[in-house]
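Heads up: the structure comes next, in structure tokens.
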Amino acid sequence: MYPELQQFEQIQQDYESQIEQLKDRQKQLQKEKAEASRQYNKTLSKVVYEGDSDSAVELAERKKASNEIEQELKDTRENIEQLQESKKERLQNLVSSLKEGRDREFGAADKHMKTKKDDLLRFRAEYLMLIQQLYDIRKYAQNVDTAFKKTVKPLTHDYEYDSQALPAVNLHNPFGEEDALGILETEVQMVYKTGELPDWAKDYTRE
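Residue 132 in numbering that gives the first Met the number 0 is what sits at position 133 of the sequence shown, and the numbering runs on without skipping anything.
Spelled out as structure tokens, the structure:
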């Protein structure tokens, strides 16, 4: 995550945390308001139907308490709306720097990718050179065997059909008797698309 995006998400998270706290308080106030209304109506019934003078004083106190809850609830709603507007405005002001950061990081990634493509081409050449060396080794062994038979042929026929050859090197057959030593297209696609190395390659990356 690049710095501008990290800052953006941190600011967004801070706002959302504050808004969430206010929403929790709003829910609590709504419960308190419901309870205050219930108590007010209960006291009102005493005043109206029983003519209880003490309840009349209590009724005024409950009305006042209910109004205070209602006012705090109203203030809380307004604070939530203000924070939501402030959050939107603040984040909108960060969009340009967010884009600049994206373009910068994307440009750096593009440059890095070009370097890796050059590395890949170099490793490809080295890979082909290793295969060329395998050819040279096999060719040398064949020449040794041919020279031997040519040298002893005037002396004996015992080795006329006694040819030797180095074992073939499995480059691309994933189901061969030996594990393939060459680069398999299936492995290339797996790493390129998933970023996961095959298990055998992980053993070399730990060195």
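The C-beta atom is built at its ideal place from N, Cα and C for all residues, glycine as well.
For clarity, every value in this text was computed on a predicted model and none was experimentally measured.
Item: Residues near leucine 21 in its chain [Cβ-Cβ closer than 8 Å; skip 5 each side]; Value: Thr75, Asn78, Ile79 and Leu82
Item: Beta-carbon proximity of leucine 133 to valine 168, cut-off 7 Å; Value: yes
Item: Per-residue burial, alanine 146 [other beta carbons within 10 Å of its own, 16 or more giving buried]; Value: exposed
Item: Spatial neighbours of arginine 89 in its chain, beta-carbon cut-off 7 Å, leaving aside the 5 residues before and after; Value: Ile10
Item: Environment of alanine 35 [buried if 16+ CB atoms lie within 10 Å]; Value: buried
Item: Classification of arginine 103 by the beta-carbon crowding that lies within 10 angstroms, buried from 16 upward; Value: exposed
Item: Contact under 7 Å by Cβ, leucine 43 with leucine 58; Value: yes
Item: Contact check, valine 46 vs serine 54, beta carbons under 7 Å; Value: yes
Item: Option in Tyr203, Trp199, Gln5 and Lys201 with minimal Cα separation from arginine 101; Value: Gln5
Item: Length of the line joining the Cα atoms of tyrosine 39 and glutamine 91; Value: 46 Å
Item: The alpha helix (DSSP H) enclosing alanine 179, as first and last residue numbers; Value: Looking at the DSSP string, alanine 179 is not in any alpha helix (DSSP H), and its letter there is neither H nor E.
Item: Boundaries of the alpha helix (DSSP H) in which methionine 189 is found, first to last residue; Value: 184-193
Item: Best match in Pro166, Gln141, Leu93 and Glu186 for proximity to glutamate 177 [C-alpha to C-alpha]; Value: Pro166
Item: DSSP state of leucine 97 mapped onto helix, strand, coil; Value: helix
Item: Lysine 30 to isoleucine 18 span [Cα, whole Å]; Value: 19 Å
Item: Cβ distance (whole Å) where leucine 170 is taken to contact leucine 180 below 8 Å; Value: 6 Å
Item: Euclidean distance between Cα positions of lysine 152 and aspartate 135; Value: 25 Å
Item: Distance between beta carbons of lysine 32 and glutamate 69, contact taken as under 8 Å; Value: 6 Å
Item: When Leu97, Leu28 and Lys98 are compared against glutamate 67, the one with the closest alpha-carbon; Value: Leu28
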